[in-house]
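Novice: Keeping their order, the protein sequence lines are chains A and B. With the working numbering, you'll find the first sequence wraps up at 244, consecutive numbering, no jumps. With the working numbering, you'll find the second sequence wraps up at 507, consecutive numbering, no jumps. C-beta atoms are modelled at their ideal positions from N, C-alpha and C, and glycine is treated no differently.
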Amino acid sequence: MADSRIRIENVSKRFGSVTAVRNASLTVAAGEVVLIIGPSGSGKSTLLRCVNRLETASEGEIFIDDDSVTDPRGNIRAIREEVGMVFQNFNLFPHLTARDNVALSPRKVRGVSKEEAYQRAEALLDRVGLSDKYDSYPAQLSGGQQQRVAIARALAMQPKVMLFDEPTSALDPEMIKEVLDAMLDLAQEGMTMLVVSHEMGFARAAADKVVFMDNGEIIEIGAPDAVFDRPTEERTRKFLAHIL
Amino acid sequence: MAPIEREQGTRITVSDGALIPDQGETSLFSAWRISFYGALALVILLPVLSPDPYRDIIARLPMGILRTFQVTVTSIIIALGIGLITGLGRISRVTVINRIATVYVEVIRGIPLLVQLFYIYFALGRFLSLDRIVSAIAAMSICYGAYMGEIFRAGIQSIPKGQMEAALALGMSRTQALRLVILPQTVRVVLPPVGNEFIALLKDSSLVSIVAVTDLLRAGREYASTTFYYFETYTMVALVYLVITLFFSKIVAIMEERLSHGR
Chain A
1 MADSRIRIEN
11 VSKRFGSVTA
21 VRNASLTVAA
31 GEVVLIIGPS
41 GSGKSTLLRC
51 VNRLETASEG
61 EIFIDDDSVT
71 DPRGNIRAIR
81 EEVGMVFQNF
91 NLFPHLTARD
101 NVALSPRKVR
111 GVSKEEAYQR
121 AEALLDRVGL
131 SDKYDSYPAQ
141 LSGGQQQRVA
151 IARALAMQPK
161 VMLFDEPTSA
171 LDPEMIKEVL
181 DAMLDLAQEG
191 MTMLVVSHEM
201 GFARAAADKV
211 VFMDNGEIIE
221 IGAPDAVFDR
231 PTEERTRKFL
241 AHIL
Chain B
245 MAPIEREQGT
255 RITVSDGALI
265 PDQGETSLFS
275 AWRISFYGAL
285 ALVILLPVLS
295 PDPYRDIIAR
305 LPMGILRTFQ
315 VTVTSIIIAL
325 GIGLITGLGR
335 ISRVTVINRI
345 ATVYVEVIRG
355 IPLLVQLFYI
365 YFALGRFLSL
375 DRIVSAIAAM
385 SICYGAYMGE
395 IFRAGIQSIP
405 KGQMEAALAL
415 GMSRTQALRL
425 VILPQTVRVV
435 LPPVGNEFIA
445 LLKDSSLVSI
455 VAVTDLLRAG
465 REYASTTFYY
475 FETYTMVALV
485 YLVITLFFSK
495 IVAIMEERLS
505 HGR
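This is how it looks when you write it as structure tokens:
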């Protein structure tokens, strides 16, 4: 298990009487890209949000390398520094420019000097193709541009793991590709990624594993081609028939 | 699946009336223009056209106006501080802090300002002899601090939940997230209601004349009680209050306009 970056063991999450995630187990090795698919309400985002404890798992354990996320005495902030997250609605800070959005956390959490943080922020914005948008505020950017800033912001903390929560669901169709391209680059550079998304193209191009969830449970795990073309479970087949 | 979220708008309303003029109204004869320039014209013309007694009255008022501003500005600054702490207390997860803040708000909002003023000056005066200006400022600050607390609470809660989540996901503490991400955005949202409170406080500051602080109203009253020009004096006092409050309501409206464009 030495090379498992993310280890999810028998995790359940209940909201009151509703069980959003039921006894889910999943490992993601270093450098692996894993996609979670499933109908809305199947618990995939909740499971993802348990990984950096934006939701606290009701049962089970989650580890990033050997650090426990679920241990209430653990240093969750230290773990979150290592786990970048990209949200469906970008959640950029509207009062800050793109550069400051990216540089804020390195400066305030890591204590990096302003000059160095800005330099790194600009390099990251270059990398996601936004070299001309350093001084733009989120409201001045398109959805696709905002999401690329959000990716740069997460990368600025030099994380070991990146979580993506439906990163393209709030985007207009013509902007999806630019975000997926940035994610593809990241995958090729060997980033460990756990992605909630239905982007089949991205899955086939970059994913090592696809996880199908339904009704809070992990139904099927396999290689993208296997899950998409030859699903073994009836529920997977039904879901794929809906979205293809 | 994300857990069910309550829908959150960014518009908050904490006010007892529309003091701030509608910026959309650009007509030459808007209600604001008629009232402001009408009042201003009377304040200038009355002493010119009828020097006796208006020139005498207007000469008495500047010291009172200064005192009114002193009480208002000092109180609003202290009230903002109290309000910020109270607002943070109201959203605190620590039950004790939360209860203290909530009880403060409930108690203060349930007692009329005039009663609070009497209480601090006369009732507490038995135990601690407070200067009357200090009492006046203390009463206004404590009272308005509770209302400010509600404005800050509503303002903080109007910031989408995703902002806090994004900050936490980046490794910030809750305190850092509040200070660096939530509060800077809150300022923009609370500015109009805070401006409204400032104007309301300016008007309510006339209550301090009852504990013998020589503010604008008291300056007029002292003059009227010796000369018996009640009608003329209070007309002037009312007009001066009107000019001042309408002037500030315009400033608040302009600031609001600027801020909403600067996103």
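Looking at the structure shown, is A/Ala24 part of a helix, part of a strand, or coil, going by DSSP?
Specialist: strand
Novice: Going along chain B in order, which residues have a C-beta closer than 7 Å to the C-beta of A/His95?
Specialist: Pro428, Gln429
Novice: Cβ of A/Lys108 less than 8 Å from any chain B Cβ?
Specialist: yes
Novice: Buried or exposed, going by whether 16 or more other CB atoms sit within 10 Å of the CB of B/Arg311?
Specialist: B/Arg311 sits buried, since 16 or more C-beta atoms from the chains shown fall within 10 Å of its C-beta.
Novice: Decide yes or no for the touch test of the segment 96-109 of chain A against the segment 141-156 of chain A: beta carbon pairs closer than 8 Å, at least 3 of them.
Specialist: The segment 96-109 of chain A is in contact with the segment 141-156 of chain A.
Novice: Exposed or buried, what is B/Ala463 when buried is set at 16 or more other beta-carbons lying within 10 Å of its beta-carbon?
Specialist: buried
Novice: Please list the partners that A/Asn89 has in chain B, where partner means a Cβ-to-Cβ separation under 7 Å.
Specialist: Gly406
Novice: Identify the residues that DSSP records as bridge partners of A/Arg80: which are they?
Specialist: According to DSSP, A/Arg80 bridges with nothing at all.
Novice: Output yes if chain B places a C-beta closer than 8 Å to the C-beta of A/Asn23; else output no.
Specialist: no
Novice: Exposed or buried, B/Arg250, counting other C-beta atoms within 10 Å across all chains shown (16 or more means buried)?
Specialist: For B/Arg250, the pLDDT reaches just 49, beneath the cut-off of 50, and the residue's location in the model is therefore unreliable, although a value from the coordinates is still provided. Looking at its Cβ environment, which holds fewer than 16 other Cβ atoms inside 10 Å, B/Arg250 is exposed.
Novice: Buried or exposed: B/Val378, going by 16 or more other Cβ atoms within 10 Å of its Cβ?
Specialist: exposed
Novice: Please list the partners that A/Asn215 has in chain B, where partner means a Cβ-to-Cβ separation under 7 Å.
Specialist: The premise fails here: A/Asn215 is roughly 10 Å from chain B at the closest Cβ pair, so nothing lies under 7 Å.
Novice: What ranges does the alpha helix (DSSP H) occupy inside the segment 154-203 of chain A, keeping only unbroken runs of at least 4 residues that lie completely in it?
Specialist: 173-188
Novice: From A/Arg127, A/Ala78, A/Asp135, pick the residue whose C-alpha is nearest to that of A/Val109; which is it?
Specialist: A/Ala78
Novice: Given a limit of 9 Å on CB to CB distance, which residues of the segment 70-85 of chain A reach chain B?
Specialist: Ile76, Arg77, Ala78, Ile79, Arg80, Glu81, Glu82, Val83, Gly84, Met85
Novice: Is B/Met245 close to chain A? Criterion is C-beta to C-beta, closer than 8 Å.
Specialist: Low confidence applies here, because B/Met245 scores a pLDDT of 39, under 50, leaving its location unreliable; read the following figure in that light. B/Met245 counts as touching chain A.
Novice: With a threshold of 8 Å between beta carbons, is B/Ser402 in contact with chain A?
Specialist: no
Novice: Give the straight-line distance between the Cα atoms of A/Arg7 and B/Gln429, rounded to the nearest whole angstrom.
Specialist: 37 Å
Novice: Rounding to the nearest angstrom, what Cα-Cα distance links A/Arg73 and A/Glu59 in this structure?
Specialist: 16 Å
Novice: Out of curiosity, what's the CA-to-CA distance linking A/Ala241 and A/Asp181?
Specialist: Taking the straight line joining both Cα atoms gives about 26 Å.
Novice: Mind checking if B/Ser450 is an interface residue toward chain A, Cβ cutoff 8 Å exclusive?
Specialist: no
Novice: Is it buried or exposed, B/Tyr474, if we count other Cβ atoms within 10 angstroms and call 16 or more buried?
Specialist: exposed
Novice: Are any of the Cβ atoms in chain B nearer than 8 Å to that of A/Leu104?
Specialist: yes
Novice: Closer than 8 Å, CB to CB, is B/Glu500 near chain A or not?
Specialist: No, its Cβ sits nowhere closer than 8 Å to a Cβ of chain A.
Novice: Does any residue of chain B bring its CB to less than 8 Å from the CB of A/Leu54?
Specialist: yes
Novice: Taking 8 Å as the cut-off, does the segment 321-334 of chain B touch the segment 382-394 of chain B (at least 3 CB pairs, one atom from each stretch)?
Specialist: yes
Novice: By the DSSP assignment, the beta strand (DSSP E) with A/Lys209 in it spans what residues?
Specialist: Start and end: 209-214.
Novice: Which residues in the same chain have their Cβ closer than 7 Å to the Cβ of B/Met245, if we skip the five residues on either side of it in sequence?
Specialist: Caution is warranted here: a pLDDT of 39 is assigned to B/Met245, below 50, making its placement in the model unreliable, and the coordinate value is therefore given only provisionally. No residues qualify anywhere along the chain.
Novice: Is the Cβ of B/Val484 closer than 8 Å to any Cβ of chain A?
Specialist: no
Novice: Which chain B residues are close to A/Met193, counting only those with a beta carbon under 7 Å from its beta carbon?
Specialist: By Cβ distance, chain B contributes nothing, its closest Cβ being about 15 Å from A/Met193, past 7 Å.
Novice: Just to check my reading of the structure: A/Leu163 and A/Val51 have Cβ atoms closer than 8 Å, yes? What is that Cβ distance to the nearest angstrom?
Specialist: 6 Å
Novice: Can you tell me whether A/Arg148 is helix, strand or coil according to DSSP?
Specialist: helix
Novice: Identify, in the order they occur along the chain, each residue of the same chain with its Cβ nearer than 8 Å to the Cβ of A/Asn91, setting aside the five sequence neighbours on each side.
Specialist: Ala150
Novice: List the residues of chain A that B/Leu424 touches, going by C-beta distances under 7 Å, in chain order.
Specialist: Leu104, Lys108
Novice: Quick one: is A/Val225 buried, meaning 16 or more other Cβ sit within 10 Å of its Cβ, or exposed?
Specialist: What sits at residue 225 of chain A in the sequence shown is Asp, not Val. By the 10 Å Cβ count, A/Asp225 comes out exposed.
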